[in-house]
Amino acid sequence: MARQARAIDVSIVMPCLNEAESLPHCIANAHDALARIESEYGLSGEIIIADNGSIDGSQGIAESLDARVVSVASLGYGAAIIGGCYGADGRYLLIGDADGSYDFTDGVAMVGRLTRGADLCMGSRFAGGIEPGAMPWKNRYIGNPLLTGLLNLLFRSGVNDAHCGLRAIRRETFLALNLSGSGMEFASEMVIKASLKRVRIEQAPATLSVDLRNRPPHLRPWRDGWRHLRYLLMLSPTWLFGIPAIAAMAVAGMIMLVALANLLSLLPGVEFFGTSWTLVAGFLFCVGHLSGVMAIATHLHGVGQEYREMAPILRRYAHVLTLETTLIVGIALLILSGCGLGAVALHWSIDHFAALATPLPLIIACVAGATGLQTIMGGFLLSIIAGHQARFVTAPHPIDFFANLSPAPQMVQAA
Numbered sequence: 024m025a026r027q028a029r030a031i032d033v034s035i036v037m038p039c040l041n042e043a044e045s046l047p048h049c050i051a052n053a054h055d056a057l058a059r060i061e062s063e064y065g066l067s068g069e070i071i072i073a074d075n076g077s078i079d080g081s082q083g084i085a086e087s088l089d090a091r092v093v094s095v096a097s098l099g100y101g102a103a104i105i106g107g108c109y110g111a112d113g114r115y116l117l118i119g120d121a122d123g124s125y126d127f128t129d130g131v132a133m134v135g136r137l138t139r140g141a142d143l144c145m146g147s148r149f150a151g152g153i154e155p156g157a158m159p160w161k162n163r164y165i166g167n168p169l170l171t172g173l174l175n176l177l178f179r180s181g182v183n184d185a186h187c188g189l190r191a192i193r194r195e196t197f198l199a200l201n202l203s204g205s206g207m208e209f210a211s212e213m214v215i216k217a218s219l220k221r222v223r224i225e226q227a228p229a230t231l232s233v234d235l236r237n238r239p240p241h242l243r244p245w246r247d248g249w250r251h252l253r254y255l256l257m258l259s260p261t262w263l264f265g266i267p268a269i270a271a272m273a274v275a276g277m278i279m280l281v282a283l284a285n286l287l288s289l290l291p292g293v294e295f296f297g298t299s300w301t302l303v304a305g306f307l308f309c310v311g312h313l314s315g316v317m318a319i320a321t322h323l324h325g326v327g328q329e330y331r332e333m334a335p336i337l338r339r340y341a342h343v344l345t346l347e348t349t350l351i352v353g354i355a356l357l358i359l360s361g362c363g364l365g366a367v368a369l370h371w372s373i374d375h376f377a378a379l380a381t382p383l384p385l386i387i388a389c390v391a392g393a394t395g396l397q398t399i400m401g402g403f404l405l406s407i408i409a410g411h412q413a414r415f416v417t418a419p420h421p422i423d424f425f426a427n428l429s430p431a432p433q434m435v436q437a438a
């Protein structure tokens, strides 16, 4: 029988995997935080231990200290938090690690920010203070600043500590973000999708202490740093595909135009780009065009998954962004390519099949053909992503941000 949700205002959610050493301290600290939250804001609370398969008795410890255990079958830091949040009853969720490194009383101010209109409140360890030895130097001075800086560059989140483990979020916002990261990249995913959704993000100081465990942390700096980096890139089609596409096609176009001007004697003087450079230009143009198709495809995928808003420029030209348009353009380029290849072959035969004086016309014809084929195939790809519709961009319509929230995943079981 399904458990009935209770009238709870604040849920403190801790991911847990064999945290028997630190769990009593963390739960006691969380009870202190809830007492302050009730005193200052009149809000009731609960403590959720999102257990990820502990074998050291963490579950029994949690239950004996008046915490509720939610068992999460899917493994990983992010999976545990997601499962715990789905199993929580509070309309405000305060998330923090169960290793003793965070002070849950710092979360009192974060919950206060939510009550005053914020959708997500991130902790900032750089504003709150980092105890000596609590964070490895490479994380503090290299990894975190670089990844947070890149996140702000790509998504303009405006936070200075995107990977702080103490954060508070409204339950409806959490559900609407439809988070799915199972590992440490979950920390970035929440900030990225909140930024893409343009929810109200604020920050509050959070202190970081040396954790209480006598074993190595679950965090693996290089592995998890790479997982964060690749996640940033995967959620930024503009920087991953769009800007490289524009750059590659611009360079290729410039080389081709200068070479063509030299060939037609429109540009006197020394020939800047010979055969080698025109081959490079052909390669760059084809790769750039494919990258452009990928940029649009991944952007539309993000819109379809409801974590990204449609780009205004795509809305503006929605009437021409259709499968039929890509087919017409692709076929036209194929015809142009065929005519170009035919002209080159005719000139070759007239010249008694001698080696071509310049390969530029042949390269241009081949690039046109390759681009035409990519346009046709890209059109079908975009149609599939758009839900098997000929129009890639649907007409704008009002969307309730918090409507149709995702149901709780089946992996979560209340213990």
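To get our numbering, take the position in the sequence shown, counting from 1, and add 23.
Where is the CB? At the ideal position from N, CA and C, for every residue including glycine.
Your pair E208 and G101 checks out as a contact, with CB atoms roughly 7 Å apart and the cut at 8 Å.
Where C108 is concerned, the enclosing alpha helix (DSSP H) starts and stops at 100 to 110. Residue pairing for I84: DSSP places it in no beta bridge. The stretch 124 to 137 makes no contact with the stretch 197 to 217: fewer than 3 CB pairs, one atom from each, lie closer than 8 Å.
Apart from the 5 residues on each side of it in sequence, L219 sits with its Cβ closer than 6 Å to the Cβ of Y330, R331 in its chain, given in chain order. Taking the C-beta atoms as reference points, L369 is found no nearer than 9 Å to A388.
The beta carbon of A103 is closer than 6 Å to those of P38, A73, N75, V95 in its chain, skipping five residues each way along the sequence.
L263 counts as buried, since no fewer than 16 other beta carbons sit within 10 angstroms of its beta carbon.
Counting C-beta atoms within 10 angstroms of its own C-beta, R190 has 16 or more neighbours from the protein chains shown and is therefore classed as buried. Minimum Cα-Cα distance from Y254 among the listed residues Y164, L143, L174, G156 corresponds to L174. With contacts defined as CB atoms closer than 9 Å, G315 and A268 qualify as a contacting pair. A straight-line Cα-Cα distance of about 15 Å links G265 and A275. Contact annotation, S62 with I31: C-beta distance approximately 17 Å; criterion of less than 8 Å not satisfied. Separation of the CB atoms of T128 and D55 is rounded to 6 Å, and the pair is thereby assigned contact status at 8 Å. Between G401 and L337, the gap from beta carbon to beta carbon reaches 9 Å or more.
The DSSP-derived three-state label of E42 is coil.
Boundaries for I153: no alpha helix (DSSP H) harbours it, and the DSSP string shows neither H nor E there. Taken atom to atom, the span from the alpha-carbon of G80 to that of R139 is near 39 Å. In the displayed model, E347 falls within a helix according to three-state DSSP. Scanning its chain for C-beta atoms nearer than 6 Å, with the 5 sequence neighbours on each side dropped, one finds around D184 the residues S147, R148, F149, in chain order. When secondary structure is reduced to three states using DSSP, I224 falls in the strand class.
When DSSP states are grouped into helix, strand and coil, E195 belongs to the helix group. Scanning its chain for C-beta atoms nearer than 8 Å, with the 5 sequence neighbours on each side dropped, one finds around V367 the residues L379, P384, L385, A388, in chain order. Only exposed fits Q328, as fewer than 16 other CB atoms lie within 10 angstroms of its CB. Distance from I50 to L88 at the Cβ level is roughly 4 Å; contact confirmed, criterion being Cβ atoms closer than 8 Å. With respect to the 9 Å criterion, C144 and I224 are classified as neighbours on the basis of their beta carbons.
According to the DSSP assignment, M333 belongs to no beta strand (DSSP E), since it is labelled neither H nor E. Residue burial annotation: E294 is exposed, with fewer than 16 other C-beta atoms found within 10 angstroms of its C-beta. Its Cα nearest to that of Q226, the residue V182 stands out among V182, N41, L198, T345.
An exposed status is given to T298, since fewer than 16 other beta-carbon atoms sit within 10 Å of its beta-carbon. The continuous beta strand (DSSP E) containing G68 extends over residues 68 to 74.
For secondary structure counted as the alpha helix (DSSP H) over 4 or more consecutive residues, the stretch 243 to 296 holds these complete runs in sequence order: 244 to 257, 266 to 286.
DSSP, read as helix, strand or coil, puts G305 in helix.
In this structure, the CA atom of A334 is about 11 Å from the CA atom of G325.
Note on Y164: under 16 other CB atoms within 10 angstroms of its CB, so exposed under the neighbour-count rule. About 12 Å separates the CB atoms of M277 and T301; that is not less than 8 Å, and the two are not in contact.
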